[in-house]
Amino acid sequence: MPTHVQESSKPRAAAVRDNRAKFLERAMSRHHYSGDALIEVLHTAQELYGYLTPELLKTIARKLKLPPSRVLGVATFYHFFSLEPKGEHSYIVCLGTACYVKGALGLLEVLERRCAMAGSTSPDGKVSVNSARCIGACGLAPAMIRDGEILGRMTPEKLNEDLDRIGVE
Ligand code: FES
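Heads up: the sequence shown is residues 39 to 207, going by the numbering used here.
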């Protein structure tokens, strides 16, 4: 499960926490940990993590008091859930309010121009692009996640450099 957090500009002394687990917990709590909210909770988990790992499914089953087989069944039944990263690399752009006002759309535009539209994978299978409502790193807005690593205070220039580095044409 991704836990590493990196600020892509100057490193800060204080560690920045990856709040995604907290956000997922909050989503489940909002639904009073009801099993009826399974689809909604899976959506939130996928938005936060890009895809549904076995650990995430296990956690959700435990918290919602559902049999793991039922959670896995729902996650595999609906095509909009993904159990594995689709591209060799995965980028998730946060479009939550804090990131949006600080230029997240410009980041998404770079990815859509160079790689793939949000929700899809580039034709060469190299990069999957997704968006999320908030990834719990608002203090680093605009923030995004690349391969499980949070990148903070991103700019289109830094993103272009990152894409160059992984060999995107
Ligand atoms: S709005 Fe982007 S991390 Fe919270």
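Virtual Cβ for every residue (Gly too), placed ideally from N, Cα, C.
Keep in mind it's a predicted model, so treat the numbers as computed, not measured.
Which of helix, strand or coil DSSP assigns to residue i
i      : result
SER206 : Here the sequence assigns Val to residue 206, which means Ser is not the residue at that position. Note: VAL206 maps to coil in three-state DSSP.
ILE98  : helix
HIS81  : helix
ALA72  : According to the sequence displayed, residue 72 carries Ser and not Ala. Coil.
MET155 : coil
TYR129 : strand
ALA65  : helix
ARG121 : The sequence shown places Leu at residue 121, rather than the Arg named in the question. Coil.
ASP200 : helix
SER107 : helix
GLY88  : coil
ARG58  : helix
Close beta carbons around residue i, own chain, < 8 angstroms, minus the five adjacent residues each side
i      : result
VAL79  : LEU62, ALA65, MET66, HIS69, ILE98, LEU102
LEU146 : VAL131, LEU133, ALA156, VAL167, SER169
With 16 other Cβ atoms within 10 Å as the buried cut-off, status of residue i
i      : result
ARG100 : exposed
TYR87  : buried
HIS117 : exposed
ILE204 : exposed
VAL139 : exposed
SER107 : exposed
Residue i beta carbon near the ligand FES (any heavy atom closer than 6 angstroms)
i      : result
CYS9   : Look at the range of the chain in this structure, 39 to 207, and you will see that residue 9 is not part of it.
GLY144 : no
LEU134 : A small correction: the amino acid at residue 134 is Gly; Leu does not occupy that position in the sequence shown. Yes - the ligand FES has a heavy atom lying nearer than 6 angstroms to the Cβ of GLY134.
ILE173 : yes
ALA113 : no
ALA181 : yes
Sequence-distant residues of the same chain with beta carbon closer than 6 angstroms to residue i, five excluded per side
i      : result
LEU197 : LEU145, VAL148
CA nearest to the CA of residue i, picked from the options
i      : options                       : result
LEU172 : GLU126, HIS81, ALA75          : One detail in the question is off: residue 172 reads as Cys in this sequence, not Leu. Nearest option by C-alpha distance: HIS81.
SER128 : ALA59, SER160, ASP202, PHE119 : SER160
ARG58  : ALA136, ILE77, GLN84, VAL109  : GLN84
Other residues of its chain near residue i: CB distance less than 7 angstroms, five sequence neighbours each side excluded
i      : result
PRO123 : GLY88, TYR89, SER166
ALA142 : VAL131, CYS132, LEU133, PRO180
PHE119 : LEU80, GLN84, LEU90, ALA113
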